Amino acid sequence: MQKIEQTILENLWNKKSNASHLKNHMHQPIAPHCLLHSSPFTKTGYLKRKNVGQRPPYFTTCLFFAALVFLACCNPAETKKETIKVAGEGKIRVKPNLVILTLNVSFTQPRMVDAVRMTQGTVDSVVSILEHYGSKENDIKTSSISANKDYNYDGRRPVFTGYQASQSIDFVLNDIEKFTELTGKLLETKINSISGIQFGHSKSDSLFREADLLAYDDALKSANKLCSRANVQLGKLVYMSNTVGTNGDEETFSSGEQINTYSKAYGGRGFKISPEVLEFKRKVISEYEIAN
2 MQKIEQTILE NLWNKKSNAS HLKNHMHQPI APHCLLHSSP FTKTGYLKRK NVGQRPPYFT
62 TCLFFAALVF LACCNPAETK KETIKVAGEG KIRVKPNLVI LTLNVSFTQP RMVDAVRMTQ
122 GTVDSVVSIL EHYGSKENDI KTSSISANKD YNYDGRRPVF TGYQASQSID FVLNDIEKFT
182 ELTGKLLETK INSISGIQFG HSKSDSLFRE ADLLAYDDAL KSANKLCSRA NVQLGKLVYM
242 SNTVGTNGDE ETFSSGEQIN TYSKAYGGRG FKISPEVLEF KRKVISEYEI AN
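For the sequence shown, the numbering used here gives the first residue as 2, with consecutive numbering after it.
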């Protein structure tokens, strides 16, 4: 009986102590610049506080996007201006002042050493002549050389005829007036043929640039005439490009002819020529704004 009464008294004392402890915490003063957390007590029994002046992290982001929307509404998109696109062509016709030749030397002999020796001897003679009409470093170039077995076909099977050695030389004659004189001297040698005869001009780059300017002027004239007819004013240039003419971007004209001499030293006078006039073409495409 005494134990029961003692237990009841202890329980009442504990409840009183807990209530007093809770009351002391509830009356604890809170600084005016602080806010209570959603839960008044943490696991350790202390208050968790938060600064009043601190803004939520999403507040700045929302403000930034609102400013962007405002600026977009205040600056309407610019209207695209109307344009006119025209094409012009420039053309320059001149007589050629140089000629490019390909000289072929070839011999077939029972022994390879003899074919090579005869070919090289003729090549040396040809180069010696060419050096009087041009620069060895800039105008004379060996384009091909070969040595192999040579065959003839009798309709049923190939027949071995010996060993063939051949060599080709490209030469630029910068003074076309000396073509007859040069070919006369070459015919005295044992060359096999003169092929790839091409006529050109030493100032082809400058002529193409001049054709570009003519093409631009032609395009500008077309644009002005069209705007005048449409009663509008031509604005500034916004786009321009140049392309090759209708005949391509060729700097030379090839005759397509070949002079065969069959390794015979004919001698006599050289060939007279009357080459076709060269035409340098360019095309320009221009685009202009229409002012009104």
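All C-beta atoms, glycine included, are put in the ideal place defined by N, C-alpha and C. For clarity, every value in this text was computed on a predicted model and none was experimentally measured.
When the Cα of residue i is compared with those of the options, which residue comes out closest?
| i | options | result |
| --- | --- | --- |
| Leu-188 | Val-160, Ser-275, Ile-130 and Arg-112 | Ile-130 |
| Asn-98 | Leu-279, Gly-91 and Asn-193 | Leu-279 |
| Asp-176 | His-133, Ile-146, Phe-281 and Asn-232 | His-133 |
| Ala-231 | Thr-190, Ala-292 and Ile-274 | Ala-292 |
| Thr-190 | Gly-89, Asn-261 and Val-114 | Asn-261 |
| Gly-89 | Ile-274, Phe-272, Lys-273 and Thr-244 | Thr-244 |
| Gln-202 | Arg-118, Val-95, Asp-213 and Lys-150 | Correcting the residue type first, residue 202 is His in the shown sequence and not Gln. Residue Val-95 is the option with its Cα nearest to His-202. |
| Asn-105 | Ile-195, Val-114, Asn-149 and Val-87 | Ile-195 |
| Val-1 | Thr-143, Lys-226 and Leu-227 | Summary: the structure shown does not reach residue 1, with the chain confined to residues 2 through 293, and so no result is reported for it. |
| Lys-150 | Val-114, Gly-156 and Leu-227 | Val-114 |
| Phe-1 | Arg-158, Val-285 and Ser-145 | Since the first and last residues shown for the chain are 2 and 293, residue 1 lies out of range. |
| Phe-272 | Lys-186, Arg-210 and Asp-218 | Lys-186 |
Pop quiz: residue i and residue j are said to be a contact at Cβ under 8 Å. What is the actual Cβ separation, rounded to whole angstroms?
| i | j | result |
| --- | --- | --- |
| Thr-123 | Ala-116 | No, Thr-123 and Ala-116 are not in contact; Cβ-Cβ is about 11 Å, not under 8 Å. |
| Asn-193 | Ser-107 | 4 Å |
| Phe-281 | Ser-229 | So it is not a contact: roughly 30 Å between Cβ atoms. |
Suppose the cutoff is 6 Å on Cβ atoms and the five residues either side in sequence are ignored; what does the same chain contact list for residue i look like?
| i | result |
| --- | --- |
| Met-241 | Ser-287 |
| Pro-276 | Pro-97 and Phe-200 |
| Asn-153 | Val-160 and Thr-162 |
| Tyr-289 | Ile-85, Ala-224, Leu-235, Gly-236 and Leu-238 |
| Ser-147 | Ser-167 |
| Ile-274 | Phe-180 |
| Asp-155 | none |
| Pro-41 | Because the pLDDT of Pro-41 is 45, which lies under 50, any placement of that residue in the model is unreliable, and the number read from its coordinates should be weighed accordingly. Same-chain partners within the cutoff: there are none. |
| Val-285 | Gly-89, Ala-216, Tyr-217, Ala-220 and Asn-243 |
Residue j and residue i - do their beta-carbons sit closer together than 8 Å?
| i | j | result |
| --- | --- | --- |
| Leu-208 | Ile-93 | yes |
| Ser-167 | Thr-120 | yes |
| Ile-170 | Ile-141 | yes |
| Ala-220 | Arg-283 | no |
| Val-87 | Leu-214 | no |
At a cut-off of 7 Å, is residue i close to the ligand GTP when judged by its beta-carbon and the heavy atoms of the ligand?
| i | result |
| --- | --- |
| Glu-189 | Judged by which ligands are present, the structure shown has none, so any question about the ligand GTP falls away. |
Excluding the 5 residues preceding and the 5 following residue i in the sequence, name in chain order all residues of the same chain whose CB lies nearer than 8 Å to its CB.
| i | result |
| --- | --- |
| Leu-174 | Leu-99, Val-100, Ile-101, Leu-102, Tyr-134, Gly-135, Asp-140, Phe-180 and Leu-183 |
| Pro-111 | Gly-163 and Tyr-164 |
| Val-233 | Ile-291, Ala-292 and Asn-293 |
Going along the chain, which residues of its own chain have a beta-carbon closer than 7 Å to the beta-carbon of residue i, five neighbours each way excluded?
| i | result |
| --- | --- |
| Ala-212 | Gly-91, Lys-92, Ile-93, Phe-281, Lys-282 and Arg-283 |
| Lys-81 | none |
| Glu-178 | none |
Runs of alpha helix (DSSP H) lying entirely within the stretch 184 to 237, each at least 4 residues, in chain order | 205 to 230
What are the start and end residues of each continuous beta strand (DSSP E) run of 3 or more residues lying completely inside the stretch 90 to 139, in chain order?
-> 99 to 110
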